[in-house]
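Residue numbers (the working numbering): 24 to 543.
Using N, Cα and C, we set each Cβ at its ideal position, and we do this for glycine too.
The block underneath contains the structure these notes are about, expressed in structure tokens.
Okay, here's the thing in structure tokens:
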């Protein structure tokens, strides 16, 4: 992880972040960040496994060759189950904390993986996938907020951007495992990878205890001394007088005292999320991010690549699984490489370039597929589709892997952070559910013409991002509210410079709810 992160922090740390690995506490923190990062590994494993198993003769035979709506039901089961979790997780994550919310999610994933490996019929397999989907939304919502809030301020951009790169790692591992097991003639071909899916979440259950709690969550629960101790230990190597640690704690205290974040009632966070003009803009961006991340062509690349390959004459299960495995490897390399870009070039340019690249890729796939459909002997057209399927993942990862995770965690303030992330999950699940059902049915009935609908839609996505999305590069986490609330933000540069409360004298007590005038 680069130590010289370019994101703004007005106070210089006393430690040399270019050599962060030489500092025991910071080194430990960055290692422990792997625990929440495993979440995306699990998601990537599941997505790649479901797509790859469709190329397995044993899996197809056992579940009676599901196509159309039956295949869509299996694909959509995790998404449907996630709807339940989405409405509970924000409240739970703010009450019991990010750590124990992730613990519950990991437990559900372990249970789902075990049921899936032992599935005796179609229904049991679908229920297992639903367990995995329910657990995933807990881990993902809590995990993003957790990484944003405990990582070093000058490493936040890279740490958060790396969150979804492990998705590609999980995809690669699953793809190559199934490339190996697909040769097994019996049901072990799909039961083995299903059983292995529990491993990453089991690791989370074991090591999650050692990861420090979010200082923002600790402060909001009245544990001010513990919040400061976490910052001093992991961000300043125990130096109580470190200027960056003092600045970070004061900024958190000022922001949370101004926001009065820990309000009473289950629906209060939802009301707050839409209560001001700035928050409504945040929620619109969050919704649009989830739409872009699910409706840009990735449904037929990730979950239903096997039907796409069959439509261009690639029918061998070994060829299909090898193409998937190697394309996932390219996806991983690109995701890791692109994770370091947001802190250097900004977030907004990456979204725009990514969408333009996706537009060209999907347009090329549509044209090449049309040529092959008219002439099945045209191998060049078939090869072109395969090549563009490889190119799709880097195009997508540029804007909607690590960059999306970072931007999502940044633009929402603490009091609505888990609510905003959950809303992103909810919208993404809704869009994903539509495409989970529409894609196999569309490919079965209209073939390559199904790709066409994505082309004008990606154009619309580009225009909205260009017109609405602000750049957050160069702002500290609590300062980003200025981009949305202006002078009404809980923390502004002027306030930080002149109006800081004596935060070191604040009593250790939970923040009380207070009515505040909203900025309409």
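ask   = How should residue 274 be labelled, buried or exposed, when 16 other C-beta atoms within 10 angstroms of its C-beta is the threshold for buried?
value = buried
query = Counting pairs of Cβ atoms below 8 Å between the stretch 135–148 and the stretch 212–219, do you hit three or more?
reply = Yes, the stretch 135–148 touches the stretch 212–219.
query = Is the distance from the Cβ of residue 201 to the Cβ of residue 69 below 8 Å?
reply = no
inquiry  = Taking the beta carbon of residue 261 as the centre, do at least 16 other beta carbons fall within 10 Å, making it buried, or is it exposed?
reply    = exposed
ask   = Terminal residues of the continuous alpha helix (DSSP H) containing residue 361?
value = For residue 361, the enclosing alpha helix (DSSP H) covers residues 340–361.
key: Local conformation of residue 406 per DSSP, three classes   = helix
query = Leaving out the 5 sequence neighbours to the left and right, which residues in its chain are closer than 6 Å to residue 224 when beta-carbon positions are compared?
reply = Its chain contains 65, 129, 132, 133 as the residues whose beta carbon lies nearer than 6 Å to that of residue 224, once the 5 sequence neighbours on both sides are disregarded; these appear in chain order.
ask   = Do you know how far the Cα of residue 244 is from the Cα of residue 353?
value = 43 Å
inquiry  = Between the stretch 302–322 and the stretch 487–498, can you find at least three pairs of beta-carbon atoms closer than 8 Å?
reply    = Yes, the stretch 487–498 is in contact with the stretch 302–322.
ask   = For the putative contact between residue 495 and residue 314, defined by C-beta atoms under 8 Å, what is the C-beta separation to the nearest angstrom?
value = Going by Cβ atoms, the distance from residue 495 to residue 314 rounds to 20 Å, so no, they are not a contact pair.
ask   = Can you tell me the Cα-Cα spacing of residue 226 and residue 469, whole angstroms?
value = Those two C-alpha atoms are separated by around 44 Å.
inquiry  = Let's test the definition: count the other Cβ atoms within 10 Å of the Cβ of residue 46 and tell me whether it reaches 16, buried, or not, exposed.
reply    = buried
key: As assigned by DSSP and simplified to three states, the class of residue 263   = coil
request  = Closer than 6 Å by C-beta to residue 194: which residues in its own chain qualify, once you throw out the five before and the five after it? Chain order, please.
outcome  = 67, 71, 351
key: Opening and closing residue of the alpha helix (DSSP H) in which residue 469 lies   = 437–469
request  = Starting from the Cα of residue 178, find the closest Cα among 460, 50, 435 and give me that residue.
outcome  = 50
message = Going by C-alpha to C-alpha distance, which of 381, 412, 170, 88 sits closest to residue 239?
response = 170
request  = Quick one: measure Cβ to Cβ for residue 384 and residue 418, integer angstroms, because I've assumed they're closer than 8 Å.
outcome  = 5 Å
inquiry  = One question on the structure: do residue 327 and residue 441 come within less than 8 Å of each other, judged by their Cβ atoms?
reply    = no
ask   = Whose CA, out of 430, 401, 381, lies closest to the CA of residue 411?
value = The shortest Cα separation from residue 411 among 430, 401, 381 belongs to 381.
request  = From the DSSP output, in three-state form, read off residue 86 for me.
outcome  = coil
task = With DSSP as the reference, label residue 307 as helix, strand or coil.
result = helix
Residue 494 in three-state terms, based on DSSP = Residue state, collapsed to three classes: coil.
inquiry  = Taking 8 Å as the threshold (C-beta atoms), are residue 167 and residue 444 in contact?
reply    = Against a cut-off of 8 Å, the Cβ pair of residue 167 and residue 444 comes out as a contact.
query = Terminal residues of the continuous alpha helix (DSSP H) containing residue 143?
reply = Taken as a continuous stretch (DSSP letters only), residue 143 belongs to no alpha helix (DSSP H), as it is neither H nor E.
task = Can you tell me which of 480, 474, 153, 207 puts its alpha carbon nearest to the alpha carbon of residue 108?
result = 153
query = Is the beta carbon of residue 255 less than 8 Å from the beta carbon of residue 249?
reply = Not closer than 8 Å, so no.
ask   = Is residue 37 buried or exposed, if buried means 16 or more other CB atoms sit within 10 Å of its CB?
value = exposed
request  = Leaving aside the five residues before and after residue 199 along the sequence, list all residues of the same chain whose C-beta is less than 7 Å from its C-beta, in chain order.
outcome  = 348
query = Under the rule that 16 or more other beta-carbon atoms within 10 Å means buried, what is residue 340, buried or exposed?
reply = It is buried - the Cβ of residue 340 has at least 16 other Cβ atoms within 10 Å.
ask   = For residue 211, which of helix, strand or coil comes out of DSSP?
value = helix
ask   = In three-state DSSP terms, what is residue 364?
value = coil
key: CA nearest to the CA of residue 163, picked from 124, 181, 377   = 124
Boundaries (first-last residue) of the alpha helix (DSSP H) holding residue 508 = 505–508
task = Check whether the Cβ atoms of residue 396 and residue 471 sit closer than 8 Å, and answer yes or no.
result = yes
Contact belief for residue 362 with residue 184 at Cβ below 8 Å, rounded distance in angstroms = 4 Å
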